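What follows is a set of notes on a single structure, which appears directly below.
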Amino acid sequence: MGKRKKSSRKPQGPKRNEPLPTRFTCLFCNHENSVEVKMEKKAGVGSLECKICGQRFQCGVNYLSAAVDVYSEWVDAADAVAAENREREGPPRSSAPKLSSGRASAPSRRIEEEEEEADYGGEGVVADDEDYD
């Protein structure tokens with residue numbers, strides 16, 4: 533009983549890396565595989581365009597950049613614009629004024645229940661005097 537010799541194993545080739553995707557889901561129309569990224573590394577420009585809604589975006593790229601990097605910059609830019617719009621609009625305002633109903637609010641109910649419990653005399657409660665063996 534021993535190990536197999538290493539010479540009996542066949543040498544394996546290099547592991548193949550799957551290529552990174554160049555088509556993504558659109559942030560605005562939510563169609564899958566509708567956004568196509570094109571990269572011109574010599575010009576240093578990465579661009580993407582949605583085939584359904586026509587949304588476009590361009591950003592700078594370097595020799596290490598991939599299509600995923602252009603898409604992630606687009607996502608970050610869209611989030612930044614949305615956050616800026618939210619700040620400009622301010623906090624959400626309700627259009628209808630608050631009306632008070634004739635009901636008691638929750639804290640006052642809790643106080644009323646505690647007062648009722650304090651008045652409870654233990655009616656219907658029978659003490660268990662018998663010992664169990």
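Our numbering applies: residue 533 is where the sequence shown begins, and numbers increase by one.
Just so you know, even glycine gets a beta-carbon here, dropped at the ideal spot from N, CA and C.
Note that the coordinates shown come from a computational prediction; the quantities given were computed from them, not determined experimentally.
If you compare alpha carbons, which of L552, F589, G622, S597 is closest to F560? F589
Is it the case that the segment 611 to 623 contacts the segment 562 to 569, given that we only count it when at least three CB pairs across the two stretches are under 8 Å? Here the segment 562 to 569 does not lie against the segment 611 to 623, with fewer than 3 beta-carbon pairs under 8 Å apart.
Backbone secondary structure at S632 - three-state DSSP: Confidence is the limiting factor: at S632 the pLDDT is only 49, short of 50, which leaves the residue's position unreliable and the question unanswerable from this model.
Proximity of K573 and Y603 at Cβ, strictly below 9 Å: no
Of the listed residues G545, P546, Q544, P553, nearest to S597 (C-alpha basis): P553
Return the residue from the list G622, A609, R620, K583 that minimises the CA-CA distance to R555. K583
Let me know the secondary structure DSSP gives S604 once reduced to three states. Reduced to three states, the DSSP call for S604 is helix.
Thinking V569 and G576 are a contact (beta carbons under 8 Å), I'd like their distance in whole angstroms, please. The Cβ separation is near 15 Å, so there is no contact.
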